[in-house]
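Participant:
Numbering (UniProt numbering), first residue to last: 1 to 109.
#1: Is the distance from the Cβ of residue 21 to the Cβ of residue 47 below 8 angstroms?
#2: Hey, would you say residue 73 sits closer than 8 angstroms to residue 86, going by beta carbons?
#3: Considering only C-alpha positions, which residue in the set 28, 9, 88 is nearest to residue 101?
#4: Can you name, in chain order, every residue of its own chain whose Cβ lies under 6 angstroms from the Cβ of residue 29, other than the five neighbours on each side?
#5: Within 10 Å of its beta-carbon, does residue 9 have 16 or more other beta-carbons around it, so buried, or fewer, so exposed?
#6: Could you spell out the range, first to last residue, of the beta strand (DSSP E) harbouring residue 106?
#7: Note down, in chain order, each residue of its chain lying with its Cβ closer than 6 angstroms to the Cβ of residue 57, except the 5 sequence neighbours on either side.
Quick look at the structure:
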């Protein structure tokens, strides 16, 4: 699906860039929700994004769609304090198109 949208998969040895990640995210969300218009903003932290949209999807729908670009959750217990932490590890999708950090969602009314 992604290639038909003009999304550029990463090539072996090629680094993901901020611009390419934003372009890939916008194309992916536009394919998932063609009735919505998305604005995607960089934050001060690399690969984190603010996503603003107008149209019909709600925050849960957009959050679930974006989750595939954030990787797979993996829980591990800290040896120091025994607390359980969740980290995001790469999956097939993130290895091919890039991995997002934290996203904040703002649906316009």
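Beta carbons: idealized from backbone N, C-alpha and C, even for Gly.
Note that the coordinates shown come from a computational prediction; the quantities given were computed from them, not determined experimentally.
Facilitator: On the basis of the supplied data:
#1: yes
#2: yes
#3: 88
#4: 38
#5: exposed
#6: 103-107
#7: 33, 36
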